[in-house]
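Shown next, in structure tokens, is the structure this report addresses.
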Amino acid sequence: MENTQQWAAEALAKCIDKYTWVAPLHRDEIPYTTDANGRYDALLQKHVRNGDQGLSWWTNGHWGGIMWQMYSLTGNEMFKDVANSCETLLDQTFVDYYGLHHDVGFMWIATAVNNYRLTGNLESRKRALHAANLLVGRLNVAGGFIRAWNDRPGSGQNTIGWAIIDCMMNLPLLYWATAETGDPRYKHAGMM
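Under this note's numbering, the residues of the sequence shown are numbered 181 to 372, in order.
If you want it as structure tokens, here you go:
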């Protein structure tokens with residue numbers, strides 16, 4: 181047990197050190213993948229095909245979520261600043277709209293919900309509730325499921341009746357919204 185605890189403490193210290201170094205380099209972007217030289221591609225300038233790439237990419241809430249975890253662990257304001265920047269960048273996806281689908285939970289639980297829980301930021305609460313409304317709007321009442329993807333014109337795929345396991349993984353946003361507002365519609369949609 182002692183070795184496991186020591187290993188965990190050392191691994192956590194390495195993570196904190198790494199993110200303390202990496203976070204300031206990506207204050208105004210959301211790192212995605214690295215190129216052959218180890219430089220991150222933030223996807224912010226990528227051509228967005230069917231709205232499902234670029235800033236609307238499903239993992240883009242993870243960076244902000246990691247920053248909130250680092251802030252929670254260390255109290256280092258730099259992590260909070262980077263997390264806030266990430267959340268602000270994601271605001272554009274609400275405007276673009278077409279790239280948003282079942283993964284809004286992944287994007288805003290890690291960012292806006294964590295921000296609201298840790299800081300009481302009412303703008304973050306609003307963002308998270310907006311995302312919850314988008315997710316509940318994907319409910320197919322007749323089928324009892326949250327629809328996965330948007331239409332993909334020209335793709336040859338009809339995704340209207342599709343649901344995938346990721347839809348289930350985004351449901352915590354709906355349960356949070358019910359707990360936060362007292363409105364049972366979110367929870368009921370998640371239970372269908």
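Even glycine gets a Cβ: it sits at the ideal position worked out from N, Cα and C. Being a predicted model, the structure only gives us computed values, none of them experimental.
Proximity winner among the options, relative to residue i (alpha-carbon distances)
i: LEU351; options: CYS195, ASN240 and HIS282; result: HIS282
i: GLN272; options: SER236, HIS206 and ALA191; result: SER236
i: LYS206; options: ILE196, ILE340, GLU190 and ARG219; result: Before going further, note that residue 206 is His rather than Lys in the sequence given. Among ILE196, ILE340, GLU190 and ARG219, the Cα nearest to that of HIS206 is on ARG219.
i: LYS194; options: THR254, GLY362, ALA359 and GLY285; result: THR254
i: ASN256; options: ALA357, VAL321, THR200 and ASN330; result: THR200
i: THR299; options: TRP248, GLY285, PRO333 and ASN320; result: TRP248
i: CYS347; options: ASP331, GLY370 and LEU192; result: GLY370
i: ASN131; options: GLY279, THR268 and LYS198; result: Only positions 181 to 372 of the chain appear in this structure, which leaves residue 131 out of reach.
Beta-carbon spacing of residue i, residue j below 9 angstroms
i: ILE210; j: LEU270; result: yes
i: ALA203; j: GLY241; result: no
i: ALA263; j: GLY245; result: yes
i: GLY317; j: ALA343; result: no
i: ALA328; j: LEU353; result: no
i: ARG307; j: PHE274; result: yes
i: THR361; j: LEU319; result: no
i: LEU315; j: GLY285; result: yes
N- and C-terminal bounds of the alpha helix (DSSP H) containing residue i
i: GLY285; result: 284 to 288
i: SER304; result: 302 to 316
i: ASN338; result: From DSSP, ASN338 is part of no alpha helix (DSSP H); its letter is neither H nor E.
i: HIS368; result: 364 to 371
Identity of the residues DSSP links to residue i by a beta bridge
i: PHE274; result: DSSP output for PHE274 lists no bridge partner at all.
i: ASN295; result: Bridge partners of ASN295: none, in fact.
Segments of 3+ residues assigned as beta strand (DSSP E) that fall wholly inside the region 189 to 271: none
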